[in-house]
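Undergrad: Have a look at this one.
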Amino acid sequence: MSKFNFDDGLNGISRRRVLSSAAGLTAMSLSGCMDQLGLGQGGDGGDGGVDPVQERVTVDPADIEEGGTFRAAIGSGPDTFDFPYSSSASASILHNLIYEGMITTSASGEIYPWLAESIEQVEVNDVDPTAGDYNDYMTSVPYTETEEGTMVIDTDAQIVVEHPDNDPESMDEAQVLTVNEAADAVEDGTYGMHYRFELHEGVTFHNGNEMTADNVVLSYERIRNSSLSGQVYDSMLDIQASGDYTVDLYVQQPDAAALRELAGQPVYPEETATLPPQEMDPRQGNTPMGTGAFQLEEFQDQEYVVFTSFDDYWFETGMKDWFEGPSEFPNGPVVDEVDISFIPEDASRSAALQEGEIDMSYGLTASTLNDYQSSEDYRTAATNGAGYTFMQYPVTVEPFTDSRVRRAINHLIPRESIAENIFSGWENPAWTPLPPVAAATGTTDYDQLTEDGKEYNSYDRERATELIEEAIDENGWETPIQVQLETNSDNDDRVRTVELIQESLNQSEYFDATLETYEFLDFIGQLLSTEYYDDGNVAFIGLSGGFNPHGYAKSVHHPDNFAQCCNFQNIDDDELNQLLLDARYGVDVAEDPELRKERYDEVWNRVLELNANSYGTHSTLVSVLDDTAVNGFNTYPSTQDIIGYAMYSPQDEQITYMSR
3 MSKFNFDDGL NGISRRRVLS SAAGLTAMSL SGCMDQLGLG QGGDGGDGGV
53 DPVQERVTVD PADIEEGGTF RAAIGSGPDT FDFPYSSSAS ASILHNLIYE
103 GMITTSASGE IYPWLAESIE QVEVNDVDPT AGDYNDYMTS VPYTETEEGT
153 MVIDTDAQIV VEHPDNDPES MDEAQVLTVN EAADAVEDGT YGMHYRFELH
203 EGVTFHNGNE MTADNVVLSY ERIRNSSLSG QVYDSMLDIQ ASGDYTVDLY
253 VQQPDAAALR ELAGQPVYPE ETATLPPQEM DPRQGNTPMG TGAFQLEEFQ
303 DQEYVVFTSF DDYWFETGMK DWFEGPSEFP NGPVVDEVDI SFIPEDASRS
353 AALQEGEIDM SYGLTASTLN DYQSSEDYRT AATNGAGYTF MQYPVTVEPF
403 TDSRVRRAIN HLIPRESIAE NIFSGWENPA WTPLPPVAAA TGTTDYDQLT
453 EDGKEYNSYD RERATELIEE AIDENGWETP IQVQLETNSD NDDRVRTVEL
503 IQESLNQSEY FDATLETYEF LDFIGQLLST EYYDDGNVAF IGLSGGFNPH
553 GYAKSVHHPD NFAQCCNFQN IDDDELNQLL LDARYGVDVA EDPELRKERY
603 DEVWNRVLEL NANSYGTHST LVSVLDDTAV NGFNTYPSTQ DIIGYAMYSP
653 QDEQITYMSR
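Per my numbering, residue 3 is the first one in the sequence shown, and the count goes up by one each step.
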């Protein structure tokens, strides 16, 4: 799932934009069992390739010391512990210590069954929502106009698929397939894919209750109409329990990324899965619970959180056929406690590390990383990251409606200077939106994609002048054009980056750029407002993604993600929307990985032409550790699991122990 990265409809109404195409679509390969899915072997059972961890450290099980407390500091507390309603990558760090899903992934992206003992792809059918294959199951719901004048479909039910001919200008009602009708389609055999998950028996939640298939279904139902719904119901059709330990998941149409995108959602006990929206949180008087190796012990809002090891943790390496490590490898984390402090300022986190108050932090300034790298008492654990920084334009507000204005600004972003002077080479210029960790299935030739991207993204004041003069002459706009840049204040390198962009724009006679900064969670609150896009401001933020290439384009462009992560400027480009569908959905790309790569090359070309977003740098995630106390820690490529992965990930024989 894509989330806002600190570093580097209203409830009760489905607020889907009327002009968007049918939401649900998906793709993969032939029916079969775990081996045919390629689980743990790469492919898109796993997109895995080269290990992104730089200088991975390994642990001899004979050297492991059990017990102790691992102390970390991160830049922001959680927006919520209620996973489907969270848009913060920092919050996911905490979620991933408590919650688990039916699958997990290695650092290089291979998919492994986790809460599921086995996974079977039962069936693939040539079903296409845009061709009307679900029309017979649809129901009528009225259109309504919001205060902003936007026409939306007014229903309490989660919409799964819209009728391809819906038109609010000529119709009073829309035809939609909601979650209430999805089971009827499944019963008739109308679905694109069918996955079956056999769950491990004897898995217990933190409240002592056993996990069953019903818990999985209830947990997925919690996603309905949440902040996460656009990233799930663009693919999922229905999910059903068959007995106590079998889960059947149905996908709207063949989807090359269905398993990765759908099967890892957290599973909760019934008492929290059925809570009202956003109330799975200690601030609402409810303790979040899952099946994870750690349970929430103490939480002080805006200050710290304490997790303790779960004595009845279910996992044993012998339960997994894919585990090839030594028999002595532990069956769970060996630290007793994980304490995480919330310290927004980079310098304050660094000071806490030097004063021995914490053992680890990340997101420190590049100049500080250089100092730690040369110290004998600390270790910098670097990994090629799954994310980028990006600047999103208000594409519905003049003069940013003209792509030439956006492209002119884009050519004034000094990416190489940012990478070298601000990040000291720790991060690389983002010539393409696709990070290297997702390149395995996202392009036919990553080196060529990077070279092609430089044509659009190189620092070129002459070309910027040509573009802006064309736009001004044609539209009669006055100059200088006012550009208000906005970012979060609690990341020093990010603020310095935007200041450098501001300075570059102001060196041009055509722009007058100003900068406003906000605390991270306040900034996220603004971005997720349905009215932000109309303010005309240019937002600079970071995105933390995963191994599926699709999210790096869809999250920041597609109408399904409007007012979610991370299309906050109401971007809606019909050509790009169709290219995204063609790259991920359909039997052709499901069965032909090379065709899928070719389709994504077309996606990236359109993304660069559209230039609704400008991309700054590709992230390198760097943890800084007290090398005298912490052993075995390796950094996960996504911020979202930076601590949980390091504590215990048997798929990579990853474990951290303390020698203090």
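In this text, a Cβ means the ideal position worked out from N, Cα and C, and glycines have one as well.
Within 10 Å of its beta-carbon, does T274 have 16 or more other beta-carbons around it, so buried, or fewer, so exposed?
TA: Taking the sequence shown and counting its residues from 1, the one referred to as residue 274 is at position 272. Classification for T274: buried.
Undergrad: Quick one: residues in its chain with C-beta nearer than 7 Å to the C-beta of G79, no 5 flanking neighbours on either side, listed in chain order?
TA: As a first step, residue 79 must be located in the sequence shown, where it is residue number 77. Here the set comprises D303, Q304, F344.
Undergrad: Got a sec? Which residues, its chain only, sit under 6 Å from H675 by beta carbon, not counting five neighbours each side?
TA: Look at the range of the chain in this structure, 3 to 662, and you will see that residue 675 is not part of it.
Undergrad: Apart from the five residues just before and just after T141, which ones in its own chain have a Cβ nearer than 8 Å to its Cβ?
TA: Numbered from its first residue, the sequence shown carries residue 141 at position 139. Same-chain partners within the cutoff: Q177, V178, L179, T180, N182, E183.
Undergrad: With distances taken from CA atoms, which of Q656, S661, M660, R662 is nearest P328?
TA: Stepping through the sequence shown from its first residue, residue 328 is reached at position 326. Of the listed residues, the one whose Cα sits closest to P328 is Q656.
Undergrad: Within 10 angstroms of its Cβ, does A24 collect 16 or more other Cβ (buried), or is it exposed?
TA: As a first step, residue 24 is located in the sequence shown; it is residue number 22 there, counting from the start. Residue placement at A24 cannot be trusted, given a pLDDT of 28 that sits under 50; what the coordinates show is reported in the next sentence. That one is buried.
Undergrad: For R381 versus D629, is the C-beta distance shorter than 7 Å?
TA: Working through the sequence shown from its first residue, we reach residue 381 at position 379. Working through the sequence shown from its first residue, we reach residue 629 at position 627. Yes, the Cβ-Cβ distance between R381 and D629 is below 7 Å.
Undergrad: In chain order, what residues of the same chain lie with their CB nearer than 8 Å to the CB of L597, ignoring the 5 residues before and after it?
TA: Along the sequence shown, one-based indexing puts residue 597 at 595. Answer for L597: D590, V591, listed in chain order.
Undergrad: Take the Cβ of R463 as the centre, count every other Cβ of all protein chains shown within 10 Å, and call the residue buried at 16 or more, exposed below.
TA: Counting from 1 along the sequence shown, the entry for residue 463 is found at position 461. It is exposed - the Cβ of R463 has fewer than 16 other Cβ atoms within 10 Å.
Undergrad: Indicate whether T398 and N211 have their beta-carbon atoms separated by less than 7 Å.
TA: Your numbering for residue 398 matches position 396 in the sequence shown. Your numbering for residue 211 matches position 209 in the sequence shown. No, they are not a contact pair.
Undergrad: Quick check: the Cα distance between A384 and A133, rounded to an integer number of angstroms?
TA: Walking along the sequence shown from the start, residue 384 turns up at place 382. Walking along the sequence shown from the start, residue 133 turns up at place 131. Cα to Cα, the separation comes out at about 46 Å.
Undergrad: Which residues mark the beginning and the end of the beta strand (DSSP E) in which P144 is found?
TA: The sequence position of residue 144 within the sequence shown is 142, counting from 1. Note, P144: beta strand (DSSP E), 141-147.
Undergrad: By Cβ distance below 6 Å, which residues in the same chain neighbour A354 in space, the five residues on each side in sequence not counted?
TA: Walking along the sequence shown from the start, residue 354 turns up at place 352. Here the set comprises A75, I360.
Undergrad: Just tell me which of T452, T516, Q394 has its CA closest to the CA of P482.
TA: Residue mapping note: residue 482 aligns to position 480 of the sequence shown, counting from 1. Of the listed residues, the one whose Cα sits closest to P482 is T516.
Undergrad: Considering R498, what are the terminal residues of the alpha helix (DSSP H) in which it resides?
TA: For the purposes of this step, residue 498 is identified with residue 496 of the sequence shown, where counting begins at 1. Looking at the DSSP string, the run of the alpha helix (DSSP H) that includes R498 is 494-508.
Undergrad: Within a Cβ cutoff of 8 Å, which residues of the same chain sit near M660, ignoring the five residues on either side of it in sequence?
TA: Position 658 of the sequence shown, counting from 1, holds the residue named residue 660. So the list reads E67, G69, G70, T71, F72, V337, D361, A631, V632, N633, once near-sequence residues are dropped.
Undergrad: Just to confirm before moving on: does the CB-CB distance between Y252 and A215 stay below 7 Å?
TA: Taking the first residue of the sequence shown as position 1, residue 252 is located at position 250. Taking the first residue of the sequence shown as position 1, residue 215 is located at position 213. Their beta carbons are not under 7 Å apart, which means Y252 does not touch A215 by this criterion.
Undergrad: Assign M321 to buried or exposed, taking buried as 16 or more other Cβ atoms, counted over all protein chains shown, within 10 Å of its Cβ.
TA: Along the sequence shown, read from residue 1 onward, the residue named residue 321 stands at position 319. It counts as exposed.
Undergrad: Kindly indicate which three-state DSSP category V340 falls into: helix, strand or coil?
TA: Here residue 340 is taken as the residue at index 338 of the sequence shown, counted from 1. If DSSP states are grouped into helix, strand and coil, V340 belongs with the strands.
Undergrad: Does G34 come out as helix, strand or coil in the three-state DSSP assignment?
TA: Residue 34 sits at position 32 when you count from the first residue of the sequence shown. A caution first: G34 carries a pLDDT of 27, below 50, which makes its placement in the model unreliable, though a value can still be read off. The answer is strand: DSSP assigns G34 an E or B state.
Undergrad: Classify G294 as helix, strand or coil using the three-state DSSP reduction.
TA: On the sequence shown, position 292 is the one that residue 294 refers to. It is coil, neither helix nor strand.
Undergrad: I'd like to know if the segment 261-274 and the segment 284-300 are in contact, where contact means that at least 3 CB-CB pairs between them fall below 8 Å.
TA: They touch, by the three-pair rule.
Undergrad: Roughly how far, in whole angstroms, is the beta-carbon of E119 from the beta-carbon of L201, given that I think they are within contact range, below 8 Å?
TA: Translated into the one-based positions of the sequence shown, residue 119 becomes position 117. Translated into the one-based positions of the sequence shown, residue 201 becomes position 199. Contact holds; Cβ gap of about 6 Å.
Undergrad: At least one CB of chain B closer than 7 Å to the CB of H196: is that the case?
TA: Of the chains in the structure shown, none is chain B; there is only one protein chain.
Undergrad: Using the Cβ count rule (16 or more neighbours within 10 Å means buried), how would you classify A693?
TA: What the structure shows of the chain is the stretch from 3 to 662, and residue 693 is not part of that stretch, so it cannot be assessed.
Undergrad: Just to confirm the assignment, what range does the alpha helix (DSSP H) spanning Q251 have?
TA: By 1-based counting over the sequence shown, the position of residue 251 is 249. In the sequence as presented, Gln is not what sits at residue 251; that position holds Leu. No alpha helix (DSSP H) holds L251; the beta strand (DSSP E) holding it covers 248-253.
Undergrad: CB of F344 to nearest heavy atom of the ligand GTP: below 6 Å?
TA: The ligand GTP is not part of the structure shown, which contains no ligands of any sort.
Undergrad: By the 10 Å Cβ neighbour count, where 16 or more other Cβ atoms means buried, how is M649 classified, buried or exposed?
TA: Counting from 1 along the sequence shown, the entry for residue 649 is found at position 647. Looking at its Cβ environment, which holds 16 or more other Cβ atoms inside 10 Å, M649 is buried.
Undergrad: Which class does Y374 belong to by DSSP, given the choice of helix, strand or coil?
TA: In the sequence shown, counting from the first residue as 1, residue 374 sits at position 372. It is helical.
Undergrad: Cutting at 7 Å between CB atoms, please list the residues of its own chain near T367, excluding the five before and the five after it.
TA: Taking the sequence shown and counting its residues from 1, one reaches residue 367 at position 365. Setting aside the 5 residues that flank it on each side, T367 is surrounded in the same chain by D348, D494, D495, each with a C-beta closer than 7 Å to its C-beta; the list follows chain order.
Undergrad: For the beta strand (DSSP E) that A441 lies in, which residues bound it at each end?
TA: Taking the first residue of the sequence shown as 1, we reach residue 441 at position 439. For A441, there is no enclosing beta strand (DSSP E), since its DSSP letter is neither H nor E.
Undergrad: Can you tell me whether DSSP reads E429 as helix, strand or coil?
TA: Position 427 of the sequence shown, counting from 1, holds the residue named residue 429. Reduced to three states, the DSSP call for E429 is coil.
Undergrad: If I measure Cβ to Cβ from S491 and keep anything under 7 Å in the same chain, skipping five residues before and after, which residues do I get?
TA: Here residue 491 corresponds to residue number 489 of the sequence shown, with the count starting at 1. Same-chain partners within the cutoff: V497, T519, Y520, E521.
Undergrad: Can you name, in chain order, every residue of its own chain whose Cβ lies under 7 Å from the Cβ of T289, other than the five neighbours on each side?
TA: Residue 289 sits at position 287 when you count from the first residue of the sequence shown. Excluding positions up to five away in sequence, the list reads L298.
Undergrad: Verify whether the separation of the beta carbon atoms of V605 and L581 is less than 7 Å.
TA: Counted from its first residue, the sequence shown places residue 605 at position 603. Counted from its first residue, the sequence shown places residue 581 at position 579. Contact: yes.
Undergrad: Considering only the alpha carbon of each residue, which of N137, S172, G191, E150 lies closest to E125?
TA: For the purposes of this step, residue 125 is taken as the residue at position 123 of the sequence shown. Checked all of N137, S172, G191, E150; the closest Cα to E125 is G191.
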